[in-house]
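In our numbering, the protein residues as written are 26 to 506.
Quick notes on the structure that follows.
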Ligand SMILES: Cc1cc2nc3c(=O)[nH]c(=O)nc-3n(C[C@H](O)[C@H](O)[C@H](O)COP(=O)(O)OP(=O)(O)OC[C@H]3O[C@@H](n4cnc5c(N)ncnc54)[C@H](O)[C@@H]3O)c2cc1C
């Protein structure tokens, strides 16, 4: 009999460690070293995901054994108690999860599975992550035997060539060790029962995740590339314009192989425009894989620049500006609408996600780490690889082919929300302002703005001055002046 140690995978379907012949005891460990790294809203979502996982195991005639404490000590105790031969688990990539799994490996017989990503980051780097990490300073050196990839397009080419494994089925009930139903008392209780998410959460079950996937494949996938940046569609058809699968992926309620198979099946049948649209979705999944690649090479992705610029970036210490950004009161309509969506839903559409992140790190010149932490606390779909990798991409700290990318919040509005549908949906003070006025908003005279929306805040930075300042500071960091 083996123990299956659930970590970020809150499901029974498409879990590699649950496949095979061995009989299994499913276990979840509430380890303070790891749970502390989760944001408030995601904790509440994880609680519900665990409730549904436990319910599924009960349907299968067993129970999810929950224990609190340091993972290695807990699993060692359980192994002794049950006579388990081996502990199986899915590989984790953050510093906290690496330390945790290394301790378990030291003390027990283990089997580790690549489960969070389609392609094992190690296999793209010559098979040994530790060697690759040591050599990661040689990134970009031609001829380096083991190297990571400098840009997404290099990574994407290599990643496309790798085989993508099929999903695995849920284990049959007779492979699960039957345990008596565990009553919830202190030592077996699910964590985060008392966390109030303060917003309504999507249903946190693998059934809900699968329904979302199927509905998107039926009604959104074929036009994804055309609608993914359309912010009016994001308001009118939020789950067709984009998939909204990110919360489910983030807490492992859907397997990446299951998702990939659904997309690849459609891709094989598709031609012309549909083929292009489906391919666009596949490429976004590859961006997620690229983020895990970066986290594998650079475990400190959430705290250290990936590839530091030659000189230090002169970030501003500007607590009032940071607070205004968090409240969605910058006076830039698209930025404030994005931050309002984050506050209301624990989610932001990718387009405004980029705009708000660029505004913080470029127009306000505030260190990307402050934004990364805020997102971690507020997002339901917070992902420990994608969030820091995306912040670093926007902040130009080493993961992009462009030296200094700056999104202009005014032209982004004109291009992606030309009717102001998104802004009006999320910023009530601007609900009656015509689109052509919204388009010029931060550049209008204060008296004109007051006529239209007296209670909406003035811009906290001049649009052109913010742009020039960011150019100058990043130019200096790049050694251009
Ligand atoms: C500053 C910043 C922070 C971000 N933080 C997160 C995060 O914590 N968690 C998260 O899941 N995504 C994050 N993203 C990426 C992206 O915004 C979200 O994945 C996407 O908006 C989720 O909505 P969806 O599921 O409808 O995406 P879809 O457009 O339907 O895409 C499908 C899936 O592809 C992946 N994906 C899509 N876009 C990206 C991308 N740019 N980079 C990596 N993967 C992508 C996601 O897993 C997503 O669920 C961040 C982006 C930025 C700019």
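Glycine residues also receive a C-beta, built at the ideal position from the N, C-alpha and C atoms.
- Here residue 93 carries a strand assignment [DSSP, helix/strand/coil].
- With a cutoff of 7 Å, residue 30 does not count as near ligand 1, since its C-beta is closer than that to no heavy atom of the ligand.
- DSSP places residue 482 in no beta strand (DSSP E); its state is neither H nor E.
- Contiguous beta strand (DSSP E) elements confined to the region 212-261 do not occur, taking only those with 3 or more residues.
- Residue side-chain check: residue 71 keeps its Cβ at 7 Å or more from all non-hydrogen atoms of ligand 1.
- For residue 388, the CB stays at least 7 Å from every heavy atom of ligand 1.
- The beta carbon of residue 426 sits closer than 7 Å to those of 176, all from its chain and outside the five residues before and after it, given in chain order.
- Taken atom to atom, the span from the alpha-carbon of residue 343 to that of residue 349 is near 10 Å.
- DSSP, read as helix, strand or coil, puts residue 55 in strand.
- In the DSSP assignment, residue 318 falls within the unbroken alpha helix (DSSP H) covering 297-322.
- Taking all protein chains in view, the Cβ of residue 440 is surrounded by fewer than 16 other Cβ atoms within 10 Å, so the residue is classified as exposed.
- The beta carbon of residue 361 is closer than 7 Å to those of 353, 354, 355 and 452 in its chain, skipping five residues each way along the sequence.
- By the criterion of a C-beta distance shorter than 7 Å, residue 482 is surrounded in its chain by 354 and 356, once the five residues flanking it on both sides are discounted.
- Between ligand 1 and residue 382, a heavy atom-to-CB distance of less than 7 Å is present.
- Rounded to the nearest whole angstrom, the C-alpha separation of residue 68 and residue 472 is 45 Å.
- Across the structure, residue 254 and residue 370 are spaced so that their CA atoms are roughly 19 Å apart.
- Here residue 126 is buried: its Cβ has 16 or more other Cβ atoms, across all protein chains shown, within 10 Å.
- Across the structure, residue 494 and residue 388 are spaced so that their CA atoms are roughly 7 Å apart.
- By the neighbour-count criterion, in which 16 or more other beta carbons inside 10 Å mark a residue as buried, residue 417 falls on the buried side.
- Remark: fewer than three beta-carbon pairs, one from each stretch, lie closer than 8 Å, so the region 188-204 and the region 328-347 are not flagged as touching.
- If only complete runs of 3 or more residues are kept, the region 55-141 shows the beta strand (DSSP E) at 90-93, 111-115 and 135-138, in order along the chain.
- With contacts defined as CB atoms closer than 8 Å, residue 60 and residue 100 fail to qualify as a contacting pair.
- Distances from the alpha-carbon of residue 227 to those of 258, 202, 498 and 276 put 276 closest.
- For residue 31, the enclosing beta strand (DSSP E) stretches over residues 27-31.
- The three-state secondary structure of residue 149, taken from DSSP, is helix.
- Counting only the Cα atoms, residue 74 lies some 26 Å from residue 189.
- Here DSSP, grouped into helix, strand and coil, assigns residue 50 to strand.
- Rounded to the nearest whole angstrom, the C-alpha separation of residue 147 and residue 433 is 37 Å.
- A distance criterion of 7 Å places the beta-carbon of residue 347 beyond contact range of ligand 1, judged by its closest non-hydrogen atom.
- With a cut-off of 7 Å, the C-beta of residue 400 is classified as near ligand 1, since at least one heavy atom of the ligand falls inside that distance.
- Pairing residue 313 with residue 411 gives a Cβ-Cβ distance under 8 Å.
- Nearest to residue 214 by C-alpha distance, out of 134, 92 and 436, is 92.
- In the three-state reduction of the DSSP assignment, residue 359 falls in the helix class.
- Under the Cβ criterion (8 Å, minimum of three pairs), the region 373-392 does not count as touching the region 44-56.
- Under the Cβ criterion (8 Å, minimum of three pairs), the region 132-140 counts as touching the region 111-124.
- For residue 201, the beta-bridge partners assigned by DSSP are 49.
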